[in-house]
Every structure is written in C-alpha cells, then in structure tokens.
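**Student:** Sequence lines, in order, name chains G and S.
Counting from 1, one number per residue, gives the positions in the first sequence under the numbering used here.
Counting from 1, one number per residue, gives the positions in the second sequence under the numbering used here.
Where is the CB? At the ideal position from N, CA and C, for every residue including glycine.
Sharing a structure with you now.
Protein chains: 2
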Amino acid sequence: MSLISVGTVAIDNIKTAQGWKRNLLGGSASHFSMSAGLFTEVHLVSAIGKDFPKKHYDFLKNKGVDLSSVIESGGKTFAWDGEYKPENLNSAITLKTELGVLVGYKPQITEKQRNIPNVFLANIGPDVQMAFLKLMKNPKFVGMDTMNLWINIMKPDVIKLMKKSDLFISNDAEAKLITGETNLIKAAKALRKIGPKLVVVKKGEHGVLFYCDDFMFSFGAFPVDKVVDPTGAGDTFAGGLMGYLAKMKKINERTLRQACVYATVLSSFNVEGYGLAKTAGLSMVEVDQRMKSYVKFITP
Amino acid sequence: MSLISVGTVAIDNIKTAQGWKRNLLGGSASHFSMSAGLFTEVHLVSAIGKDFPKKHYDFLKNKGVDLSSVIESGGKTFAWDGEYKPENLNSAITLKTELGVLVGYKPQITEKQRNIPNVFLANIGPDVQMAFLKLMKNPKFVGMDTMNLWINIMKPDVIKLMKKSDLFISNDAEAKLITGETNLIKAAKALRKIGPKLVVVKKGEHGVLFYCDDFMFSFGAFPVDKVVDPTGAGDTFAGGLMGYLAKMKKINERTLRQACVYATVLSSFNVEGYGLAKTAGLSMVEVDQRMKSYVKFITP
Chain G
1 MSLISVGTVA IDNIKTAQGW KRNLLGGSAS HFSMSAGLFT EVHLVSAIGK DFPKKHYDFL
61 KNKGVDLSSV IESGGKTFAW DGEYKPENLN SAITLKTELG VLVGYKPQIT EKQRNIPNVF
121 LANIGPDVQM AFLKLMKNPK FVGMDTMNLW INIMKPDVIK LMKKSDLFIS NDAEAKLITG
181 ETNLIKAAKA LRKIGPKLVV VKKGEHGVLF YCDDFMFSFG AFPVDKVVDP TGAGDTFAGG
241 LMGYLAKMKK INERTLRQAC VYATVLSSFN VEGYGLAKTA GLSMVEVDQR MKSYVKFITP
Chain S
1 MSLISVGTVA IDNIKTAQGW KRNLLGGSAS HFSMSAGLFT EVHLVSAIGK DFPKKHYDFL
61 KNKGVDLSSV IESGGKTFAW DGEYKPENLN SAITLKTELG VLVGYKPQIT EKQRNIPNVF
121 LANIGPDVQM AFLKLMKNPK FVGMDTMNLW INIMKPDVIK LMKKSDLFIS NDAEAKLITG
181 ETNLIKAAKA LRKIGPKLVV VKKGEHGVLF YCDDFMFSFG AFPVDKVVDP TGAGDTFAGG
241 LMGYLAKMKK INERTLRQAC VYATVLSSFN VEGYGLAKTA GLSMVEVDQR MKSYVKFITP
C-alpha cells in the first residue's frame, strides 16, 4: 500500500576530510523517499525554492517519487552545510542552516492523497508535521521522526505528535533527551508510555533497539568500514522500515524484525556515498544480497 | 578440558548512588573463575595478602576453584576502590589502587598445572602474564585480556603477548587505543594483524564484535534495566567465553557464536549484583533460561 511523507527537501553542502561536496540533493524526505521507494509508491510533501536545481527535481521524479505536493514558492530552498570530522563520523557539525521556503510553510496535499493509508512524518518542525497530519483522513499507520532541536524548543508539540503516532523513531541521544532516562531500555519504555505502540531507537554504529509491549529486540549495525557521508542515514533507515511495512499485509513481530533488518541494510548503503549517490542506484538484488550477509553477521 | 588463569584477586570497595559496599571479593581472576567454573574446572593463579578474609578464600574454594597456586605472602591484598556515577554506569572511576602483594609478584604453579591445555591471561601486568605463560608447557589455546593502563605504559609487552595468544579480548576503547583506528571493524582487523587469530571486542551496553579471518559477527548486549555494579563484567564475559570453549571439543564458528552468547548472558547477570553476589549463585538452568530469551532478542 502506498505511503506519504512530509519532510524537508534540501540542498546540502558537506565537508569531510576529502573536502567539500556542494549542491547535493538532501533533506529528510528525499532520503526517506529513496529508501521507501524500493518497496512501495511514495508521495513526498515538501516545499522547494525557485533555486531548486531541475536535475534534482527530475531525479526524484525519475525515481518514481510522486511530487504532486512538492510546492515551489518564491524563496530559497532549505539549505544545510554540515561537516563530519574523521574522528567522529557518526555526528554532524552544523555549519549553516538556511530555512528559506520552510519559514511559514503550510503543507498542502491533493484530495486523493488524503486517503493514503501509511503516513510518515519525517524530520521537519512539529508544527508542519501536525498541520500535515491533520490533512490525512483516516491513516492506518502513522510513523514519526524528529530531532534534538525540536525536542529542545518545542517539546510539547513533539509529545502531542507522539500521542498520534503508531511508530516513533529516534536516535539514542533523542530518546534520552525526551525521557531523561540514561538507560536505553528504560528510555524506550518511557517513550512507549507517552503514546506510540512501537518504539525504535537507532544507535548509529551500534545498531537498533526495538520496543513494544509484547516483545523487544536489538540488532547490531551492518559493519561499514568506509563511511563516506552519514547524512540521511536515519531517514534512509526510516524509509526502509516504513516502506517494508507498507508493502506487507500485516504488522507483526516477524515483519517488524524483517523491516528493521532492511532498514539497517539500506542505511549501511546510504553512508557509503555522498548524498543519495549510493542509495539511488540500488537494486533489490543488491539489497537482498547484503541482507543475507547481515543476517549471518547478527544471528547467534 | 580444564582451564588455568592468572589474574588479580582483590578486595573491592565500590561506591554507587546507593552508597559504599566494602570488602567485596573482586579481581579479574575471581570474576573470571566464577563464570568459567560453570563450564569446566578452573585453576586460579594469583597472590593474596595476610589480610585476605578467610570467608573469601573459603568461598572460592567451595565454588570448586583450584587455589593451589594462589600464594599468600606477607603484604596486603591488592585493593581497589571505585565509583560508578548513575549517569554513566558503564565506566568506573578509580578512587584508589593499592597493589600490595602484586608488587614484584612472580607466578608459580604446580608441575601438574603446567600441562593444562586451556590458558587465560586475565587482566594483570603483562610482565606477570608473560612470566606465567612461560611456565605453561604446550598450551592448546591461549586467551588474553588487558587494560588501558598497560597499553599506555607497557604497550610493547602487551603486543608481545598478543603474538603468543590465540584469542584477544578487549573493550572498544582499548581496541582503538592499541590500533589507533576509530572504526571498530578496522580496529578488529588491525588487532588480528598483530597476531591473535580470534579477536573479541566488547562494546559494553552495545554488545560484542567477533572477528577472525573466515567470518565475523556482532551481537547486542542483553538488556539489563537494573545495573547494580558493573565491576568484573568484562572478566565474567571472558570466563564464559573461555569456559564454554574449554568444554567444547572443537572451536569453530558455531561454538564461537555460542560462546559469545553465553559470555554475554553471564556478564548480564554479573552487573545485577555487587561483586560476585549474582554470578556466584547461578545455576546452569537460570543461565540457559536467560540464554533463550537473549537469543530471541537478537535473532533477526
């Protein structure tokens, strides 16, 4: 079944030990769509500026992403400059953020899109996430992501959204920030108590923890020894998870474990290239191949 | 087959948010023996002082640990005072270390012990580890552990021992410290290049990474939500790993995966009580029970 996601579409400029890579297609919704699109039809909801390169637009379109609700307005596209130091590739240093067209952005979708059953709130302001969610008629399954910035400055809004979500995805630092718990299991339980039935905590190079009332599990990350650019790894993970679940008839322990395996494998590809370079070219054959060796890697 | 290990026997004084716990039986060899002893006969090689409480000695003896080569000499028993802050239970703050009888300690073993096939060098000075290893006639399998202190001040000795070991166990910080690699997979590969065929990197609450030429794997930790005292978790892990392998006829991928599962489960028990309180009372029924839920927890 199809999937709709609100989030950012960005122009990323990334600095690593290898120098600058400029004008990359980035943003939470772009990474999410690329990954989820391997499993199901994805509708993207976002805003871009007049400066948004045609090649990026065509690229998303050619990848099969539905762009009917990507609004072009007068300002500049959301832009992010970030740096990764070689000693800590897991965490980005933000050099510059220009909100551009995201200032005052009000999501709009088509009447037909309001009936899409699977909904994902990729990382963007919680006010935008809520405005978008209100447009959806009767979603079957709602997943959400957020970031430390929103937890710090708009926590009540984040909490409100969590209460309306079935699945909450965060990283370990965010899980601790929301709940005040330093133990990750306790943090996951506390997140569950806020509302979402399913809780996923990403631990970067240490893999993922899944928690719900009936069971929990934890997988290590796929070992990548040449990390090029981790930007969007979390969004790629979310895309794999939501995309796989949207494709499945049932959400149960088996499909959730499998969804986390796919999500992990997809984000391992994402970090091996700048921007979307690696994930965009992926075939399901490549994905399934890596999935097999990953499953072997983590099976006791 | 039986197992012999050199290491420390200590008096631990542990400070946590719950206050002080004093005169606990501690030390790398004590924790190691308790865990390895669940699988096989363990011979302990160490030194204790005149002040060593009879109850601790009797306790080890009653647990079936062979103490023939635990030498009592005139000084004081090695003593360690450590603190765990609630916000970071994974890392101990050393408040005081008194080497006591370990100063100038020369390990001695019985003629019969020289033929024991399985050897473990638990954490103690690399000079002591080497002196002990030279006493062994023709060991079938040698495992070793060390710590940041020895890597910092006696790295060439640590390296020399690694070249004589089949299995090297370290934590992630030590693996990075020895190799200079920040990526854990690269660090594991670099450790393998130094000499030991089998490399285990413990990642605390993030589980364990195993590396050898033919395969590698990674398991998450068992989720413990009430960590009481993490002292000796690494030694307990090593004991489970070495003990299980000593019991098995063959060391292969299957037994190594199983050994890491047991090691993880045993160290999860260890952190739930002060000192040896929890591990000492364990039955294999309890261990196997937790093992089952752990395997379910990490199986994709």
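Cα separation between S/Ser68 and S/Val45?
**Tutor:** One-based indexing of the second sequence puts residue 68 of chain S at position 68. One-based indexing of the second sequence puts residue 45 of chain S at position 45. C-alpha separation (whole angstroms): 8 Å.
**Student:** Can a CB atom of chain S be found closer than 8 Å to the CB of G/Ile124?
**Tutor:** On the first sequence, residue 124 of chain G is found 124 positions in, with the first residue counted as 1. No, G/Ile124 does not count as interfacial toward chain S.
**Student:** Would a check of beta-carbon distances place S/Ser218 closer than 8 Å to chain G?
**Tutor:** Your numbering for residue 218 of chain S matches position 218 in the second sequence. Yes - at least one Cβ of chain G is within 8 Å of the one on S/Ser218.
**Student:** Using three-state DSSP, classify S/Lys292 as helix, strand or coil.
**Tutor:** One-based indexing of the second sequence puts residue 292 of chain S at position 292. S/Lys292 falls in the helix class under three-state DSSP.
**Student:** Excluding sequence positions up to five away, which residues of its chain have a Cβ less than 6 Å from the Cβ of G/Asn152?
**Tutor:** Here residue 152 of chain G refers to the residue found at position 152 when the first sequence is read from its first residue. Nothing listed; no residue qualifies.
**Student:** Cβ of S/Asp229 within 8 Å of Cβ of S/Phe32?
**Tutor:** By one-based count along the second sequence, residue 229 of chain S stands at place 229. By one-based count along the second sequence, residue 32 of chain S stands at place 32. The answer is no: Cβ separation not under 8 Å.
**Student:** What's the C-alpha gap between S/Leu266 and S/Arg22?
**Tutor:** Against the second sequence, residue 266 of chain S aligns to sequence position 266. Against the second sequence, residue 22 of chain S aligns to sequence position 22. Answer to the nearest angstrom: the Cα atoms are 23 Å apart.
**Student:** Mark G/Ser5 as exposed unless 16 or more other C-beta atoms lie within 10 angstroms of its C-beta, in which case mark it buried.
**Tutor:** Taking the first residue of the first sequence as 1, we reach residue 5 of chain G at position 5. It counts as buried.
**Student:** Which parts of the stretch 174 to 228 of chain G are runs of the alpha helix (DSSP H), unbroken and 4 residues or longer, counting only runs that do not cross its ends?
**Tutor:** For the stretch 174 to 228 of chain G, whole alpha helix (DSSP H) runs of length 4 or above, ordered along the chain, are 184 to 194.
**Student:** Run through DSSP, which three-state label would S/Glu286 get?
**Tutor:** Position 286 of the second sequence, counted from the first residue, corresponds to residue 286 of chain S. In the structure shown, S/Glu286 sits in a helix (DSSP, three-state: H, G or I).
**Student:** Measuring CB to CB, does G/Gly243 end up less than 8 Å from G/Ser2?
**Tutor:** For this step, residue 243 of chain G is matched to residue 243 along the first sequence. For this step, residue 2 of chain G is matched to residue 2 along the first sequence. No. Outside cutoff.
**Student:** Quick one: residues in its chain with C-beta nearer than 6 Å to the C-beta of S/Ala263, no 5 flanking neighbours on either side, listed in chain order?
**Tutor:** In the second sequence, residue 263 of chain S corresponds to position 263, counting from 1. Cβ neighbours of S/Ala263 beyond the five flanking positions: Phe237, Gly240 and Leu241.
**Student:** Quick check on S/Ile109: does DSSP put it in helix, strand or coil?
**Tutor:** Here residue 109 of chain S refers to the residue found at position 109 when the second sequence is read from its first residue. S/Ile109: coil per DSSP, three-state reduction.
**Student:** Would you say S/Leu241 lies against chain B (beta-carbon separation less than 8 Å)?
**Tutor:** Looking at the structure shown, chain B is missing, and the protein chains on hand are G and S.
**Student:** Based on Cα-Cα distance, which residue from S/Pro196, S/Ser165 and S/Thr110 lies nearest to S/Ile71?
**Tutor:** Locating residue 71 of chain S in the second sequence gives position 71, counting from the first residue. Of the candidates S/Pro196, S/Ser165 and S/Thr110, the one whose C-alpha sits nearest the C-alpha of S/Ile71 is S/Thr110.
**Student:** From G/Met216, G/Gly220, G/Met284 and G/Asn270, pick the residue whose C-alpha is nearest to that of G/Glu205; which is it?
**Tutor:** Walking along the first sequence from the start, residue 205 of chain G turns up at place 205. Comparing Cα positions, the closest option is G/Gly220.
**Student:** Can you pull the DSSP bridge partners for G/Asn20?
**Tutor:** As a position in the first sequence, residue 20 of chain G is number 20, starting the count at 1. A small fix is needed here, since residue 20 of chain G is Trp in this sequence, not Asn. Partner(s): G/Lys15.
**Student:** Do G/Gly125 and G/Trp80 come within 8 Å of each other at the CB atom, strictly closer than that value?
**Tutor:** By 1-based counting over the first sequence, the position of residue 80 of chain G is 80. By 1-based counting over the first sequence, the position of residue 125 of chain G is 125. Going by C-beta atoms, G/Trp80 is not nearer than 8 Å to G/Gly125.
**Student:** Would you call the stretch 82 to 93 of chain S and the stretch 50 to 62 of chain S touching, i.e. three or more CB-CB distances under 8 Å?
**Tutor:** At 8 Å Cβ cutoff, the stretches do not touch.
**Student:** Tell me, please, which residues DSSP counts as bridged to S/Met162.
**Tutor:** Numbered from its first residue, the second sequence carries residue 162 of chain S at position 162. Per DSSP, none; premise fails for S/Met162.
**Student:** Counting Cβ pairs, one atom from each stretch, are 3 or more of them under 8 Å apart for the stretch 165 to 177 of chain S and the stretch 244 to 263 of chain G?
**Tutor:** Result no; under three Cβ-Cβ pairs closer than 8 Å.
**Student:** Could you list which residues in chain S have their beta carbon closer than 9 Å to that of G/Phe297, in chain order?
**Tutor:** What you label residue 297 of chain G is simply residue 297 of the first sequence in a count that begins at 1. Chain S residues near G/Phe297: Phe215, Met216, Phe217 and Ser218.
**Student:** What number of angstroms, rounded off, separates the C-alpha of G/Lys286 from the C-alpha of G/Leu276?
**Tutor:** The residue you call residue 286 of chain G lines up with position 286 of the first sequence. The residue you call residue 276 of chain G lines up with position 276 of the first sequence. The question names Lys, but residue 286 of chain G in the sequence shown is Glu. Using only the alpha carbons, I get a separation of about 16 Å.
**Student:** Could you list the residues in the stretch 243 to 274 of chain G with a C-beta less than 7 Å from some C-beta on chain S, going in chain order?
**Tutor:** For the stretch 243 to 274 of chain G, which is checked against every Cβ of chain S, the residues closer than 7 Å are Arg257 and Val261.
**Student:** State the CB to CB distance for the pair S/Arg114 and S/Lys140, rounded to an integer number of angstroms; the pair is presumed to be in contact (CB under 8 Å).
**Tutor:** Indexing the second sequence from 1 puts residue 114 of chain S at position 114. Indexing the second sequence from 1 puts residue 140 of chain S at position 140. Not a contact, Cβ separation roughly 13 Å.
**Student:** Where do the N-terminal and C-terminal ends of the beta strand (DSSP E) with S/Lys79 fall, by residue?
**Tutor:** Walking along the second sequence from the start, residue 79 of chain S turns up at place 79. One detail in the question is off: residue 79 of chain S reads as Ala in this sequence, not Lys. It spans Ala79 to Glu83 - the beta strand (DSSP E) in which S/Ala79 sits, taken as one unbroken run.
**Student:** Pick out whichever of S/Val103, S/Leu60 and S/Ala92 has its Cα sitting closest to the Cα of S/Ala17.
**Tutor:** If you number the second sequence from 1, residue 17 of chain S lands on position 17. Ranking S/Val103, S/Leu60 and S/Ala92 by Cα distance to S/Ala17 puts S/Ala92 first.
**Student:** Does any residue of chain G have a CB that is nearer than 8 Å to the CB of S/Pro53?
**Tutor:** Within the second sequence, residue 53 of chain S is the residue found at index 53, counting from 1. Cβ-Cβ to chain G under 8 Å: no for S/Pro53.
**Student:** Is it the case that the Cβ atoms of S/Lys197 and S/Glu272 are separated by a distance below 8 Å?
**Tutor:** Residue numbering aside, residue 197 of chain S sits at position 197 when the second sequence is read from its first letter. Residue numbering aside, residue 272 of chain S sits at position 272 when the second sequence is read from its first letter. Not closer than 8 Å, so no.
**Student:** Please report the Cβ distance between S/Thr8 and S/Asn171, rounded to the nearest whole angstrom; I am assuming they are in contact, meaning their Cβ atoms lie under 8 Å.
**Tutor:** In the second sequence, counting from the first residue as 1, residue 8 of chain S sits at position 8. In the second sequence, counting from the first residue as 1, residue 171 of chain S sits at position 171. The pair is not a contact, with the Cβ atoms about 17 Å apart (cut-off 8 Å).
**Student:** If the cut is a Cβ gap below 7 Å, which residues of chain S does G/Thr16 touch?
**Tutor:** Here residue 16 of chain G refers to the residue found at position 16 when the first sequence is read from its first residue. Within 7 Å Cβ-Cβ: nothing; G/Thr16 doesn't reach chain S, min ~14 Å.
**Student:** Smallest Cα separation from G/Glu98: which of G/Val295, G/Thr77, G/Tyr211 and G/Asn270?
**Tutor:** Counted from its first residue, the first sequence places residue 98 of chain G at position 98. When each option's Cα is compared against that of G/Glu98, the closest is G/Thr77.
**Student:** Counting only Cβ-Cβ distances shorter than 8 Å, please list the residues of the stretch 168 to 188 of chain G near chain S, keeping chain order.
**Tutor:** Listed in sequence order: Thr182, Asn183, Leu184, Ile185 and Lys186.
**Student:** Tell me whether the beta-carbon of S/Gly143 lies closer than 8 Å to the beta-carbon of S/Ile169.
**Tutor:** What you label residue 143 of chain S is simply residue 143 of the second sequence in a count that begins at 1. What you label residue 169 of chain S is simply residue 169 of the second sequence in a count that begins at 1. A contact, by the Cβ cut-off of 8 Å.
**Student:** Can a CB atom of chain S be found closer than 8 Å to the CB of G/Gly207?
**Tutor:** Here residue 207 of chain G refers to the residue found at position 207 when the first sequence is read from its first residue. So, interface residue.
**Student:** Whose C-alpha, out of S/Gly74, S/Ala246 and S/Pro107, is nearest the C-alpha of S/Glu41?
**Tutor:** The residue given as residue 41 of chain S occupies position 41 in the second sequence. Ranking S/Gly74, S/Ala246 and S/Pro107 by Cα distance to S/Glu41 puts S/Ala246 first.
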